[in-house]
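Student: Here it is, the structure in full.
Residue numbers (the working numbering): 3 to 343.
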């Protein structure tokens with residue numbers, strides 16, 4: 003029997019854990035066995051919750067494994083620990099503190115409060131946790147929602163904060179032939195019961211609250227940004243300079259503009275840039291994508307932090323663009339939104 007491989011895992015608060023990984027295990031398997039609080043959800047490489055950065059040594063995804071990382075992330079040393087096999091001793095860093103994984107996901111039931119069509123292809127779903135259920139979460143995390151009448155689940159980031167509980171708000175893109183989309187547009191009504199579980203994910207507001215913030219959101223990728231903005235607003239003390247760049251394909255796909263205006267009034271340090279790919283320019287609306295709306299004129303400082311949420315292509319472009327503007331890779335946090343039918 004081969005000797006297990008020693009792997010060191012470092013959290014952002016300086017805490018370290020040693021994990022012994024057998025040849026038949028992934029790093030995540032071994033960590034969970036050792037009760038190391040690494041965030042995870044699907045354990046198949048599709049959700050990206052267990053992402054970590056390889057600092058020393060050699061470790062690769064197992065042969066034939068498909069994952070949600072884009073090539074640029076792999077090149078920068080990022081790995082999905084559920085797919086990763088170490089080739090000798092190695093060291094990983096995690097983008098969250100050692101307490102983040104201690105809020106274990108829970109299952110809960112919710113009532114539907116409201117179902118509102120807020121754009122040509124977006125629905126706002128307001129839920130309320132049923133009596134006797136509760137969950138704590140960090141701004142930016144997501145839950146899994148069971149599609150009523152099926153055994154299928156969908157993942158959605160919360161647009162609200164834990165301070166808003168028991169109310170939970172989700173922003174959901176409507177897809178042709180989507181299972182959840184069909185239910186939302188033809189069957190959903192107030193007081194319907196929905197099953198959820200969570201929270202999941204390591205895409206959440208970090209502790210660098212005073213650092214300048216850049217947020218780039220595509221479509222319903224705005225949801226976790228709304229949660230983060232409200233958390234920043236609710237935090238005591240001086241608010242950081244924050245630029246939110248939000249884009250959709252067309253003007254009729256835009257949504258939540260009034261809510262963003264309110265947050266600008268509440269947070270003088272917040273600047274919003276609204277973009278559409280196609281159409282005519284208008285007051286407050288730019289033509290172009292939300293990535294190119296961030297420029298060298300923004301003078302990103304070394305301690306700036308960026309949050310990205312949207313489709314994979316936007317994430318890849320935004321990472322490259324921000325690194326070109328001088329932002330270090332470890333200060334860029336991302337969540338990919340991938341459609342499910």
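Beta carbons: idealized from backbone N, C-alpha and C, even for Gly.
#1: Starting from residue 57, trace the alpha helix (DSSP H) both ways and give me its first and last residue.
#2: Cutting at 7 Å between CB atoms, please list the residues of its own chain near residue 325, excluding the five before and the five after it.
#3: Are there 16 or more other CB atoms within 10 angstroms of the CB of residue 343, so buried, or fewer, so exposed?
#4: Leaving out five residues before and five after residue 2 in sequence, what residues of the same chain have Cβ atoms less than 6 Å from its Cβ?
#5: Which of helix, strand or coil does DSSP assign to residue 397?
#6: How do the segment 38-55 and the segment 83-90 stand: do at least 3 beta-carbon pairs fall below 8 Å, yes or no?
#7: Can you check whether the C-beta of residue 20 is within less than 8 Å of a C-beta belonging to chain D?
#8: Residue 306: which of 230, 26 and 214 sits nearest, CA to CA?
#9: Give the straight-line distance between the Cα atoms of residue 202 and residue 102, rounded to the nearest whole angstrom.
#10: Return the CA-CA distance between residue 11 and residue 51, expressed in angstroms with no decimal places.
#11: Determine, using beta carbons only, whether residue 41 and residue 80 come nearer to each other than 8 Å.
#12: Is residue 337 closer than 8 Å to residue 311 when the C-beta atoms are compared?
#13: Leaving out five residues on either side along the sequence, give the residues of the same chain with a beta carbon under 6 Å from the beta carbon of residue 208.
#14: Assuming residue 111 and residue 132 are in contact, meaning their beta carbons sit under 8 Å apart, how far apart are those beta carbons, in whole angstroms?
#15: Are residue 234 and residue 242 touching if we call contact CB-CB under 8 Å?
#16: When you compare each of 228, 277 and 60 to residue 247 by their alpha carbons, which one comes out closest?
#17: Which of helix, strand or coil does DSSP assign to residue 34?
#18: Taking residue 4 as the reference, which of 285, 27, 18 and 20 has the closest Cα?
#19: Is it the case that the segment 279-288 contacts the segment 188-196, given that we only count it when at least three CB pairs across the two stretches are under 8 Å?
#20: With a threshold of 8 Å on Cβ separation, who are the neighbours of residue 255 within its own chain once the five nearest residues in sequence on each side are excluded?
#21: State the beta-bridge partners of residue 295 as determined by DSSP.
#22: Name, in chain order, the residues that DSSP records as bridge partners for residue 323.
Tutor: Based on what the coordinates show:
#1: On the chain shown, position 55 is the one that residue 57 refers to. Unbroken run through residue 57 is the beta strand (DSSP E), 53-58; no alpha helix (DSSP H).
#2: Position 323 of the chain shown, counted from the start, is the residue given in the question as residue 325. Taken in chain order, the residues that qualify are 331.
#3: The sequence position of residue 343 within the chain shown is 341, counting from 1. In this prediction, residue 343 has a pLDDT of 46, which is less than 50 and means its spatial position is unreliable; what the coordinates show is noted afterwards. Residue 343 comes out exposed.
#4: A question about residue 2 goes unanswered here, because the residues of the chain that appear run from 3 up to 343.
#5: Any property of residue 397 remains undetermined from this structure, which presents the chain solely from 3 to 343.
#6: Contact between the segment 38-55 and the segment 83-90 is established, with three or more Cβ pairs separated by less than 8 Å.
#7: Within the model displayed, chain D is absent; a lone protein chain is all it includes.
#8: To locate residue 306, count along the chain shown from 1; it is residue 304. Per the Cα distances, 214.
#9: For the purposes of this step, residue 202 is taken as residue 200 along the chain shown, with counting starting at 1. For the purposes of this step, residue 102 is taken as residue 100 along the chain shown, with counting starting at 1. In this structure, the CA atom of residue 202 is about 10 Å from the CA atom of residue 102.
#10: The residue you call residue 11 lines up with position 9 of the chain shown. The residue you call residue 51 lines up with position 49 of the chain shown. If I take the Cα positions, the gap works out to 15 Å.
#11: Residue 41 sits at position 39 when you count from the first residue of the chain shown. Residue 80 sits at position 78 when you count from the first residue of the chain shown. Not closer than 8 Å, so no.
#12: Taking the chain shown and counting its residues from 1, one reaches residue 311 at position 309. Taking the chain shown and counting its residues from 1, one reaches residue 337 at position 335. Yes, the Cβ-Cβ distance between residue 311 and residue 337 is below 8 Å.
#13: To locate residue 208, count along the chain shown from 1; it is residue 206. Non-local C-beta neighbours of residue 208 in its own chain, meaning closer than 6 Å and more than five positions away in sequence, are absent.
#14: Counted from its first residue, the chain shown places residue 111 at position 109. Counted from its first residue, the chain shown places residue 132 at position 130. Rounded, the Cβ-Cβ distance is 4 Å, consistent with contact.
#15: Residue mapping note: residue 234 aligns to position 232 of the chain shown, counting from 1. Residue mapping note: residue 242 aligns to position 240 of the chain shown, counting from 1. In contact: residue 234 and residue 242 (Cβ atoms closer than 8 Å).
#16: Within the chain shown, residue 247 is the residue found at index 245, counting from 1. Comparing alpha-carbon positions, the option among 228, 277 and 60 lying closest to residue 247 turns out to be 277.
#17: Against the chain shown, residue 34 aligns to sequence position 32. Three-state DSSP puts residue 34 in a helix.
#18: For the purposes of this step, residue 4 is taken as residue 2 along the chain shown, with counting starting at 1. The residue with the shortest Cα to Cα distance from residue 4 is 27.
#19: no
#20: Taking the chain shown and counting its residues from 1, the one referred to as residue 255 is at position 253. Cβ-Cβ distances below 8 Å link residue 255 to 121, 122, 123, 124, 221 and 278 in the same chain, with the five nearest sequence neighbours on each side left out; the list follows chain order.
#21: Here residue 295 refers to the residue found at position 293 of the chain shown. Per DSSP, none; premise fails for residue 295.
#22: As a first step, residue 323 must be located in the chain shown, where it is residue number 321. Per DSSP, none; premise fails for residue 323.
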